[in-house]
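Chemist: Handing you this structure, nothing more for now.
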Amino acid sequence: MVISGSFAVKICTKIYKRGDVMFKLLFKNMKAKNWVSVIAIFLLTICEVYFMMQIVTYISLLTKAVQDSRQNGVAEIWWYGLYMVICAILMAAVEVIIRFVASATASSTVTGIRQKMYERVNKFAIADFASFSTESLITRTTNDMQNVHLAWLTFLKTAFLAPVVMVWSVILLLQYANASLTIVTAVWLVILVVTVIILLMMLTPKFAKVQKLTDALNVASRENLTGVRVVRAFNAEEYQEGKFEKVNAAFTKVQIFAGRTLSVFTPLVMMVMSGLSLSILWASAYVLNGMDMEAASQAFSATNAFVMLASQIIMSFVLMVTLIVIWPRAAVSAKRIDEVITHEVSVLDTENPVEFKEKGTIEFKNVGFAYPGTDKEAISDISFKVKQGETIAFIGATGSGKTTIINMIPRMADCTRGEVLVDGVNVKDVLQSDLRDRIGYAPQRGFLFKGIIKDNIAFKNPDMTLQDIRWAAEIADADGFVMKKRNGYDSEVAQGGSNFSGGQKQRLCIARAVAAKPEILIFDDSFSALDYKTDKTVRGRIAEELPDTTRVIIAQRVGTIMDADQIVVLDHGKMVGIGKHYDLVRNCPVYQEIALSQLSKEELGL
Ligand SMILES: Nc1ncnc2c1ncn2[C@@H]1O[C@H](COP(=O)(O)OP(=O)(O)OP(=O)(O)O)[C@@H](O)[C@H]1O
Ligand SMILES: [Mg+2]
């Protein structure tokens, strides 16, 4: 008994805690109007139960009227019937209103949460994305959100009804106090509760697994779709299918288990309901058997009402069961959503931002950075200083840390050691938005947004004139191919820019960075997809049109960076040389090696 008691407490605590995650998430994100709706639903539920109980009372009265109809006639029966119909109509009307309000409230609350989640993810730095995979973030915003929505909607529609019906029925039942009937009802309820708890214990861990497997399914599908060209080229369809099948099979297995376990519920509840009615009737027959005709007739209408009320209790429990089944899954989802919303973003804005002191300058002081989850620094002891209008270039083998270094400038990540200064102040001491306002950035992998070309270039300022857009595109040598398109700057851009070649994407990304007319321009390997002549023309135009803009260029080709004011040579995350091309090509062995692999001694002037 003691063991089962502590077992029950343990389970209840577990259920409470799971519920708590849901409520925590919902309550934190509910607006005042949502609370008003919840209270309205509660009051409407009381109305609904009032009409429901009126019907039960009339049934009892009707039974009696039928018994007395020989003496009193049938008029009374008609009246009671009419009252019951009116109550039923009113009950249905209230029910419709409740569902209406519940749907609106659930949608509104969940929309708020989804918005919050989106905003939080938008603030994520590189390190934060490492904590959640892209696929998991997508599942969390879609599938998990749906689970929470469904559970909250079911809660609003049913959660108040069950307790109100139960309390009301118990109060009414006390009128017909009868020990044997009460015991019969209690026994069946206990059977129901115990079975529900056992089923829940079996299901809850599976729900957590279902969500994890949904993530895995998304990874498998997404990878296959985004990498479709590679899959085709390598005839790897079967290999990919195998990977997908494995996840799919695991997912199906868990789903089938959950489905089968859940399918026990309805028959079980039906069985309890029938069992309860039968037992009550049997117990009443037993009680009535010993009475004379007059007393039995009186007791019969009471027994009838008892059966009705007991059924109401079970019915309200059935509604609760639906909720109890959905809730654990939603709680797992709510936890996953809450993890994202409450995730401490690693790059945060300072409370007391300071003013920028200079214009267009960058300085690194002994900067080191280790990616999350690694002890080894990807870059270490990086120090350099760039003045306004100067060009600094980074060169080094793949994986030498070039992208990592320039990511520190617009605070895509915060350095783990040392200091990064832009315009004379530490980047951590200014607002991220102010900092990024001063920086134009073309990423290593040209990325375009679905829409039209014009909007992609005028990304920073949607009100930009077509003249300015064309000016930027001309600098990036993109105007030519854009104008050749039938709709010019209004031409469609497919998702991810998939209807453009690699070089065209790069040029549009350069145009986007230039169009913002920033103080500092960062090009992460943006020129590598251009032929050497175009590369030179574009760099020349940038220098000409934006002479005061500081340029940070990562390049693979020595030719691209030869005329830079400073060249930083990187090797395994460390600076192995800094200076002008002329000096480096003579004094820096790593640079010399790179240079000689691309150009002849004569071209290098050696
Ligand atoms: N998100 C990440 N998590 C962990 N390690 C990373 C991450 N991104 C890069 N690295 C590691 O940091 C090192 C530097 O990478 P980085 O991208 O800066 O190189 P890179 O010089 O830009 O190379 P490439 O010329 O190929 O673009 C590499 O060894 C890489 O494995
Ligand atoms: Mg890189």
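Position 191 of the sequence shown, counted from 1, bears residue number 190 in numbering that gives the first Met the number 0, the numbering being contiguous throughout. Just so you know, even glycine gets a beta-carbon here, dropped at the ideal spot from N, CA and C. It should be emphasised that the depicted structure is a prediction, and the values quoted were computed from it without experimental measurement.
1) Just the residues with CB closer than 7 Å to a heavy atom of ligand 2, in chain order, which are they?
2) So, with DSSP's three-state summary, where would you put residue 203?
3) Whose C-alpha, out of 429, 477 and 490, is nearest the C-alpha of residue 450?
4) Applying the criterion that 16 or more other CB atoms from any shown protein chain within 10 Å of the CB defines a buried residue, is residue 114 buried or exposed?
5) What beta strand (DSSP E) runs, 3 residues minimum, are completely inside the region 335-411?
6) State the beta-bridge partners of residue 569 as determined by DSSP.
7) I want to check one thing, is the minimum distance from the CB of residue 576 to the heavy atoms of ligand 1 below 8 Å?
8) Can you say whether residue 77 is buried or exposed, counting buried as having 16 or more other CB atoms within 10 angstroms of its CB?
9) For residue 216, which option in 196, 44 and 249 has the closest C-alpha, if you only look at C-alpha atoms?
10) If you pair each beta-carbon of the region 127-140 with each one of the region 323-341, do three or more pairs fall below 8 Å?
11) Does DSSP put residue 520 in a helix, a strand or coil?
12) Can we say the region 466-480 touches the region 508-528, given the rule of at least three CB pairs closer than 8 Å?
13) Within the present structure, is the beta-carbon of residue 559 separated from the nearest heavy atom of ligand 3 by less than 8 Å?
14) Pick out whichever of 494, 480, 465 and 482 has its Cα sitting closest to the Cα of residue 447.
15) Contact between the region 523-531 and the region 360-368 is defined here as three or more beta-carbon pairs at a separation below 8 Å; is this criterion met?
16) What do you get for residue 245, buried or exposed, if any count of 16 or more other CB atoms within 10 angstroms of its CB means buried?
17) From residue 147 to residue 208, what does the alpha carbon distance come to, in whole angstroms?
18) Run through the DSSP bridge pairs and tell me what residue 450 is partnered with.
19) Spatial neighbours of residue 322 within its chain, please: CB distance less than 7 Å, with the 5 preceding and 5 following residues excluded, ordered by chain position.
20) Leaving aside the five residues before and after residue 66 along the sequence, list all residues of the same chain whose C-beta is less than 6 Å from its C-beta, in chain order.
21) Going by beta carbon distance, what residues of the same chain come within less than 8 Å of residue 425, once the five residues before and after it are set aside?
22) Quick one: what does DSSP say residue 602 is sitting in, helix, strand or coil?
23) Using a Cβ distance threshold of 8 Å, determine whether the region 70-88 contacts the region 115-129, with at least three qualifying pairs required.
24) Output the boundary residues of the alpha helix (DSSP H) element that contains residue 538.
25) Look at the Cβ atom of residue 109, then the Cβ atom of residue 43, and state whether they are nearer than 9 Å.
26) Hey, how far is the Cα of residue 74 from the Cα of residue 63?
27) With three or more beta-carbon pairs closer than 8 Å as the criterion, would you say the region 396-409 touches the region 429-445?
28) Less than 8 Å between the CB of residue 397 and some heavy atom of ligand 1, yes or no?
29) If you run the structure through DSSP and keep just helix, strand and coil, what is residue 587?
30) May I ask which residues mark the beginning and end of the alpha helix (DSSP H) holding residue 89?
31) Tell me whether residue 550 sits in a helix, a strand or coil according to DSSP, three-state version.
32) Just verifying my parser: in three-state terms, what is the DSSP assignment at residue 625?
33) Would the region 161-181 and the region 273-288 be scored as touching if the rule is three or more Cβ pairs under 8 Å?
34) Counting Cβ pairs, one atom from each stretch, are 3 or more of them under 8 Å apart for the region 537-550 and the region 366-382?
35) Of all the options 87, 93, 211 and 95, which has the alpha carbon lying nearest to the alpha carbon of residue 142?
36) If the criterion is Cβ atoms closer than 9 Å, does the pair residue 390 and residue 563 meet it?
Modeler: So, to answer that:
1) Residues whose Cβ lies closer than 7 Å to any heavy atom of ligand 2, listed in chain order: 401, 402, 443, 523, 524 and 553.
2) Helix at residue 203.
3) Cα-wise, what sits closest to residue 450 is 490.
4) Residue 114 is exposed by the Cβ-count criterion.
5) The qualifying runs are 361-368, 378-385 and 390-395.
6) For residue 569, which the question treats as bridged, DSSP gives the partners 395 and 574.
7) Relative to the non-hydrogen atoms of ligand 1, the Cβ of residue 576 never comes closer than 8 Å to any of them.
8) When all chains shown are included, residue 77 counts as exposed.
9) Ranking 196, 44 and 249 by CA distance to the CA of residue 216 puts 249 first.
10) Output reads yes: the region 323-341 touches the region 127-140.
11) It is a strand residue.
12) Touching, per the Cβ criterion.
13) Ligand 3 is not part of the structure shown, which contains ligand 1 and ligand 2 as its ligands.
14) For residue 447, the nearest C-alpha among the options comes from 494.
15) The region 523-531, when compared against the region 360-368, does not touch it at the 8 Å Cβ threshold.
16) Exposed, because fewer than 16 other Cβ atoms sit within 10 Å of the Cβ of residue 245.
17) For residue 147 and residue 208, the distance between alpha carbons rounds to 16 Å.
18) For residue 450, which the question treats as bridged, DSSP gives the partners 492.
19) Cβ within range, chain order: 153, 154, 157 and 158.
20) Same-chain partners within the cutoff: 296.
21) The residues 418 and 419, in chain order, have a CB closer than 8 Å to that of residue 425 in the same chain once the five nearest residues on each side in sequence are set aside.
22) The answer is helix: DSSP assigns residue 602 an H, G or I state.
23) Contact between the region 70-88 and the region 115-129 is absent, because fewer than three Cβ pairs lie under 8 Å.
24) Here the alpha helix (DSSP H) through residue 538 covers 531-544.
25) Contact annotation: residue 109 and residue 43 have beta-carbon atoms that are not nearer than 9 Å.
26) A straight-line Cα-Cα distance of about 13 Å links residue 74 and residue 63.
27) Short answer: they touch.
28) Answer for residue 397: yes, Cβ within range of ligand 1.
29) Looking at residue 587 - three-state DSSP - the assignment turns out to be coil, as it is neither helix nor strand.
30) According to the DSSP assignment, residue 89 belongs to the alpha helix (DSSP H) that extends over 74-122.
31) In the structure shown, residue 550 sits in a strand (DSSP, three-state: E or B).
32) Given a span of 0 to 605 for the chain in the structure shown, any question on residue 625 remains unanswerable.
33) Yes, since at least three Cβ pairs between the region 161-181 and the region 273-288 fall closer than 8 Å, the two stretches touch.
34) Verdict: no, contact absent.
35) Ranking the options by Cα distance to residue 142, first place goes to 211.
36) Annotated as proximal: residue 390 and residue 563, with beta-carbon spacing under 9 Å.
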